[in-house]
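Colleague: Sending over a structure as structure tokens; questions will come in a sec.
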Amino acid sequence: MTEIVTAFFVLAGGLFALAAALGVLRLPDVLIRMHASTKAGTLGCGLILVAVAVHFGDVGTIARAIAAIVFLLLTAPVAAHMIGRAAYRTGVRLWQGTVIDDLAETGKPGSRDLGSRDPDSRDNAE
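If you're matching positions, the sequence shown starts at 3 in our numbering and goes up one per residue.
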């Protein structure tokens, strides 16, 4: 029974990793690619780590798998945010089908200021 559960989690994780890879290859924009790679990639890695924990079943391996999953869940969104912010700040062109650009009002693509500072600070005084 353990082998069936392990196989299910490995196959599901592999499918999500494949979906992430296809998203990186096929999607038109760096921001959309980043979204596909972080969401599906994190889920795929997490499922494979669950398979490792189920297969080996000892406390040490389960604890390491849980720690790795928590680490992935904490760092992947931050990394995706920083990649997206860096791409926008350097002026990477958005896909022509992009309808909403929420940062267009606060700063032009390629500018250093995206309006993320405190509006009451002295540095922003005009």
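The C-beta atom is built at its ideal place from N, Cα and C for all residues, glycine as well.
Could you pull the start and end residues of the alpha helix (DSSP H) that I102 belongs to?
Modeller: As a position in the sequence shown, residue 102 is number 100, starting the count at 1. Element bounds for I102: n/a, residue is neither H nor E.
Colleague: Can you give me the C-alpha to C-alpha distance between A81 and C47, rounded to a whole angstrom?
Modeller: Counted from its first residue, the sequence shown places residue 81 at position 79. Counted from its first residue, the sequence shown places residue 47 at position 45. Spanning the two alpha carbons is a distance of roughly 16 angstroms.
Colleague: Looking only at its own chain, which residues have a Cβ that is under 6 angstroms from the Cβ of F18, when we skip the five neighbours before and after it?
Modeller: Numbered from 1 along the sequence shown, position 16 holds the residue referred to as residue 18. Closer than 6 angstroms at Cβ, skipping near neighbours: A42, L45, G46.
Colleague: In this structure, how does DSSP classify L29 when only helix, strand and coil are distinguished?
Modeller: Walking along the sequence shown from the start, residue 29 turns up at place 27. Three-state result, L29: coil.
Colleague: Mark V32 as exposed unless 16 or more other C-beta atoms lie within 10 angstroms of its C-beta, in which case mark it buried.
Modeller: Within the sequence shown, numbered from 1, the residue matching residue 32 stands at position 30. Classification of V32: buried, given that the 10 Å Cβ count is 16 or more.
Colleague: So, for L29: in the same chain, excluding its five sequence neighbours on each side, which residues have a beta-carbon less than 7 angstroms away from its beta-carbon?
Modeller: In the sequence shown, counting from the first residue as 1, residue 29 sits at position 27. Here the set comprises R35, A38.
Colleague: Can you tell which of T8, M84, A22 has the C-alpha that lies nearest to the C-alpha of I50?
Modeller: Sequence index remark: in the sequence shown, residue 50 carries index 48 (1-based). Among T8, M84, A22, the Cα nearest to that of I50 belongs to T8.
Colleague: Assuming contact is defined by CB atoms lying nearer than 8 angstroms, are V72 and F11 in contact in what I supplied?
Modeller: Taking the first residue of the sequence shown as 1, we reach residue 72 at position 70. Taking the first residue of the sequence shown as 1, we reach residue 11 at position 9. Not in contact: V72 and F11 (Cβ atoms no closer than 8 angstroms).
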